[in-house]
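Colleague: Dropping the structure in here first, questions after.
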């Protein structure tokens, strides 16, 4: 696949909010996206492998070829609220889910994938994702 074709493939996932990061493969340093239209996301209690079981998945995308600047230029700035307690967060995520303004994702599975990488102490190129996730 040429660099131009790869960039076009990667960008279609970044540009379309129906495609969510779904799974990070630690060994291959790739990210797979799941096609979950907003209505399906809102209807799901959580964005995990159970609720995404019937979703169309992308081919694994190698993260070492994608720069933070490329994603930022296409998607714009992103902001996140993370927490670790049981505190009606599903209710809060639904309250913050405003079409055209913000999106509330409830327990996205990809975060578990990234947590595994952090726990294992692996330094892969995707480590940049953890660094710029707050921009």
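In this note's numbering, the protein residues as written are 578 to 712. Using N, Cα and C, we set each Cβ at its ideal position, and we do this for glycine too.
1) Using 8 Å as the threshold, is the region 670-677 in touch with the region 601-613, meaning 3 or more CB pairs across them?
2) In whole angstroms, give me the CA-to-CA distance for residue 603 and residue 632.
3) Taking only runs of the beta strand (DSSP E) that begin and end inside the region 579-631, which ones reach a length of at least 3 residues, in chain order?
4) Let me check one thing: in DSSP terms, what residues is residue 633 bridge-paired to?
5) In terms of alpha-carbon separation, which member of 601, 594 and 682 lies closest to residue 695?
6) Among residues of its own chain, excluding the 5 on either side of residue 674, which ones have a beta-carbon nearer than 7 Å to its beta-carbon?
Modeller: Once the coordinates are examined:
1) no
2) 21 Å
3) 596-602 and 607-612
4) 612
5) 601
6) 619, 680 and 681
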